[in-house]
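One structure below.
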Amino acid sequence: MQIFKPSSTATLTAQKSVVNNLNFYYGSYQALKNIDMVVYEKQVTALIGPSGCGKSTFLRCFNRMHDLYPHNNYEGEIILYPDNENILSREVDPIEVRMRISMVFQKPNPFPKSIFENVAYGLRIRGVKRRSILEEKVENALRNAALWEEVKDRLGDLAFNLSGGQQQRLCIARALATDPEILLFDEPTSALDPIATASIEELISDLRNKVTILIVTHNMQQAARVSDYTAYMYMGELIEFGATDTIFIKPKNKKTEDYITGRFG
Amino acid sequence: MAMNHSDNLNEIRAIIAYHKRWDLLALIAGIVALMIAVLTFIALFGNMIIDGMPRLTWEFFTSFPSRKPEAAGILSAWVGTTLIMLVTAAAAVPLGVAAGVYLEEYAPKNLITEIIEINVTNLAGVPSIIYGLLALGLFVYELGLGQSILSAGLTLALLILPIVIVATREAIRSIPVSIREGAYALGATKWQTVADHVIPYSAPGILTGVIIGLARAIGETAPIITIGALTFIAFLPPSPIQDEFPFVSFEWLMEPFTVMPIQMFNWISRPQEAFQHNAAAAGLVLVVMTLLMNGLAIYLRYRLRKKIKW
Numbered sequence: 700m701q702i703f704k705p706s707s708t709a710t711l712t713a714q715k716s717v718v719n720n721l722n723f724y725y726g727s728y729q730a731l732k733n734i735d736m737v738v739y740e741k742q743v744t745a746l747i748g749p750s751g752c753g754k755s756t757f758l759r760c761f762n763r764m765h766d767l768y769p770h771n772n773y774e775g776e777i778i779l780y781p782d783n784e785n786i787l788s789r790e791v792d793p794i795e796v797r798m799r800i801s802m803v804f805q806k807p808n809p810f811p812k813s814i815f816e817n818v819a820y821g822l823r824i825r826g827v828k829r830r831s832i833l834e835e836k837v838e839n840a841l842r843n844a845a846l847w848e849e850v851k852d853r854l855g856d857l858a859f860n861l862s863g864g865q866q867q868r869l870c871i872a873r874a875l876a877t878d879p880e881i882l883l884f885d886e887p888t889s890a891l892d893p894i895a896t897a898s899i900e901e902l903i904s905d906l907r908n909k910v911t912i913l914i915v916t917h918n919m920q921q922a923a924r925v926s927d928y929t930a931y932m933y934m935g936e937l938i939e940f941g942a943t944d945t946i947f948i949k950p951k952n953k954k955t956e957d958y959i960t961g962r963f964g
Numbered sequence: 005m006a007m008n009h010s011d012n013l014n015e016i017r018a019i020i021a022y023h024k025r026w027d028l029l030a031l032i033a034g035i036v037a038l039m040i041a042v043l044t045f046i047a048l049f050g051n052m053i054i055d056g057m058p059r060l061t062w063e064f065f066t067s068f069p070s071r072k073p074e075a076a077g078i079l080s081a082w083v084g085t086t087l088i089m090l091v092t093a094a095a096a097v098p099l100g101v102a103a104g105v106y107l108e109e110y111a112p113k114n115l116i117t118e119i120i121e122i123n124v125t126n127l128a129g130v131p132s133i134i135y136g137l138l139a140l141g142l143f144v145y146e147l148g149l150g151q152s153i154l155s156a157g158l159t160l161a162l163l164i165l166p167i168v169i170v171a172t173r174e175a176i177r178s179i180p181v182s183i184r185e186g187a188y189a190l191g192a193t194k195w196q197t198v199a200d201h202v203i204p205y206s207a208p209g210i211l212t213g214v215i216i217g218l219a220r221a222i223g224e225t226a227p228i229i230t231i232g233a234l235t236f237i238a239f240l241p242p243s244p245i246q247d248e249f250p251f252v253s254f255e256w257l258m259e260p261f262t263v264m265p266i267q268m269f270n271w272i273s274r275p276q277e278a279f280q281h282n283a284a285a286a287g288l289v290l291v292v293m294t295l296l297m298n299g300l301a302i303y304l305r306y307r308l309r310k311k312i313k314w
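Residue numbers (our numbering), protein chains in the order written: chain A, 700 to 964; chain B, 5 to 314.
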């Protein structure tokens, strides 16, 4: 197994998760091929690559989203630390994995409920009933998602009344409310305007010290701006992984360089 | 060259004029077809208003049927219809919603599911008298429910079940995948996703389907006659709400009954003309009830959909 060492500028941190020889199949189609990677704790790791390269498929392995649909198959391991558990194992309930690892989707997908209930939903399905605890955790999550000041006076409003960028920050608050170990972002700004995009990127930078982040983006500038580590994927394979500075300034692989410099993709 | 050009233009204009004549013909044919439908309805409805309107007094609603046409009313009929609709809704809503939710959210996508789906859709096309025969055998005799309000309500519930199931499925299918995935991604189980999201968000569509189903059931005559509704009934079933403990009573479920369309049918078959006016008045009430229910369905769909936009 090839272990990628983070280089020069990135500080060495603990491993939150290690991916070992991951293969993934949609029926008979193999979407991911022999992926080995490390996710470092409280760092931002970006997955980049042309569309159809498997970066979203890879991301959705981390919370077992593929289990929702038939004929999907995992091979290999995603080990979560510190408890050293393979979250792809058939013995591990996907619901348990999703309770530990949250996700923010491409398009803001708030529930047609109030702002408060959106953020509280994850807590409610964990059995939290005490109003005071709910209120405290909802406020914390909204503060962490930089949305509290804008919505604190109208927590009972329907979430659909918020702007697109606010809705996405609400979804981030919803994902943060349950203190996830890893936060997954699947192209979180692709449906947003440039100003909302900037605010989400700033938010991700602010969150990097609180939670481990894995983000899929097809915007290379975004990966360069927000991430500590970058993985370049192509045709279901992980071509190169390393500190973001290294990947963008002197990639080792010719394919990575071609993509980064815009020669294809 | 110039000569050619204007020739060409004239030719094009001639072709357009020729084609436009067909446009006009299609338009006229459409209007005529529409008018036949609308005018027929207006004639029927107008005739009913002229015949029945003078009979629509307060007493008409509070009197039992009688041998004297001027004293006869629809009290037992509208009470019967209302109680039966209650039973129908109480049976068809949970069954239909549960079946729809199962087919959309739980059933594996395989041949058996597909066969069930096709059959559910086909059930909506089964003639209603067949449901009456089934109910006569099953509810009235086999289960011993007799010729009661309960039997009639359950029969009509079977009749509208396919409508409720189809409406439920369509409403569920209109919920975007992203909302479902959002719930699952937070660690919700299937049942939590269904109970907290799928059913509440599809409620407007389900409600509309239920009301449209009830509007159909309210006018059904054949299956009700088949199970043996009375055509002349001069008493009311015991009230569901009682003065004494335990304050509710379900005795009414087992009582004989009549309904609006049967009351109409009874009056129409009498020789006296005055009874025909009674039938027209009852028909008017029935049509207004149906229109009000459909109107309510449209209003609710509009109101509730406005809150949820995907």
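We put the beta carbon where it would ideally sit given N, CA and C, even for glycine.
Excluding the 5 residues preceding and the 5 following L140/B in the sequence, name in chain order all residues of the same chain whose CB lies nearer than 6 angstroms to its CB.
-> T230, I231
Chain A beta carbons: is any one of them nearer than 8 angstroms to that of I210/B?
-> No Cβ of chain A is located within less than 8 angstroms of the beta carbon of I210/B.
Extent of the continuous alpha helix (DSSP H) to which F940/A belongs | Per DSSP, F940/A belongs to no alpha helix (DSSP H); it is in the beta strand (DSSP E), 936-942.
A95/B lies in the alpha helix (DSSP H); which residues open and close that run?
-> 79-105
Any C-beta of chain A under 8 angstroms from that of T326/B | A question about residue 326/B goes unanswered here, because the residues of chain B that appear run from 5 up to 314.
Flag this pair as yes or no: are the beta carbons of G191/B and M798/A separated by less than 8 angstroms?
-> In contact: G191/B and M798/A (Cβ atoms closer than 8 angstroms).
Selection of the region 806-823 of chain A by Cβ proximity to chain B, strictly under 7 angstroms = K806, N808, F810, P811, Y820, G821
Pull out every residue of the region 711-743 of chain A whose Cβ sits closer than 8 angstroms to any Cβ of chain B, in chain order.
-> none
Buried or exposed (CB count within 10 angstroms, at least 16 for buried), H281/B | buried
Identity of the residues DSSP links to N722/A by a beta bridge | E774/A
CB contact check: L28/B to chain A, cutoff 8 angstroms | no
On a CA-only basis, which of S253/B, L218/B, W62/B is nearest A96/B? Give me that one, please.
-> L218/B
Determine, using beta carbons only, whether F884/A comes closer than 8 angstroms to chain B.
-> Put simply, the CB of F884/A is far from chain B, with every gap to its CB atoms at 8 angstroms or more.
Taking Cβ positions, are S67/B and G56/B nearer each other than 8 angstroms?
-> no
CB contact check: N839/A to chain B, cutoff 8 angstroms = no
What do you reckon, are the CB atoms on K715/A and Y780/A nearer than 8 angstroms?
-> yes
Out of Y933/A, K953/A, Y958/A, which has the shortest C-alpha to C-alpha gap to L731/A?
-> Y933/A
Could you tell me which chain B residues have their CB closer than 8 angstroms to the CB of N762/A, listed as they occur along the chain?
-> A189
What is the DSSP secondary structure of T708/A, reduced to helix, strand or coil?
-> With a pLDDT of 44 at T708/A, under the threshold of 50, the modelled position of that residue is not reliable, and the figure given next carries that caveat. Looking at T708/A - three-state DSSP - the assignment turns out to be coil, as it is neither helix nor strand.
For K951/A versus E939/A, is the C-beta distance shorter than 8 angstroms?
-> Yes, the pair counts as a contact, with Cβ atoms nearer than the cut-off.
Below-8 angstroms beta-carbon distance, A192/B vs any chain A residue | For A192/B, at least one C-beta of chain A is nearer than 8 angstroms to its own C-beta.
In terms of residues, what are the limits of the beta strand (DSSP E) holding V743/A?
-> 743-747 is the span of the beta strand (DSSP E), which, as asked, contains V743/A.
Between F940/A and chain B, is there a C-beta pair that is closer than 8 angstroms?
-> no
Per-residue contacts from I794/A into chain B (C-beta, under 7 angstroms) | G191, T193
Where DSSP assigns a beta bridge to E784/A, which residues make up the other side?
-> As computed with DSSP, E784/A is found in a beta bridge with L779/A.
Local conformation of I824/A per DSSP, three classes | When secondary structure is reduced to three states using DSSP, I824/A falls in the coil class, being assigned neither helix nor strand.
Go through its chain and collect everything with a Cβ distance to A284/B's Cβ below 7 angstroms, but skip five positions before and after it.
-> M52, D55, G56
Candidates A41/B, E15/B, W82/B: which alpha carbon is nearest I237/B's?
-> It is W82/B whose Cα lies nearest to the Cα of I237/B.
Cutoff 8 angstroms: A891/A Cβ touching any chain B Cβ | In the sequence under discussion, the amino acid at residue 891/A is Leu, which differs from the Ala named in the question. Not an interface residue.
Mapping DSSP to helix, strand and coil, what is T911/A?
-> strand
Chain D within 8 angstroms of I183/B, Cβ atoms only | Any reference to chain D falls outside this structure, whose protein chains are A and B.
Who are the near neighbours of I702/A in its chain, counting only those whose CB is closer than 6 angstroms to its CB and skipping five residues on each side?
-> Residue confidence for I702/A is low, a pLDDT of 47 falling below 50, so the modelled location carries little weight and cannot support an answer.
So, using beta-carbon positions, are V214/B and A93/B closer together than 8 angstroms?
-> yes
Kindly list, in the order they appear in chain A, the residues whose Cβ is closer than 7 angstroms to that of W196/B.
-> Just to set this straight, residue 196/B is Gln in the shown sequence, not Trp. Result: I824.
Taking 8 angstroms as the threshold, find out whether the region 739-750 of chain A comes into contact with the region 916-931 of chain A through three or more Cβ pairs.
-> yes
Strand pairing of Q729/A, partner residues [DSSP] | Y724/A
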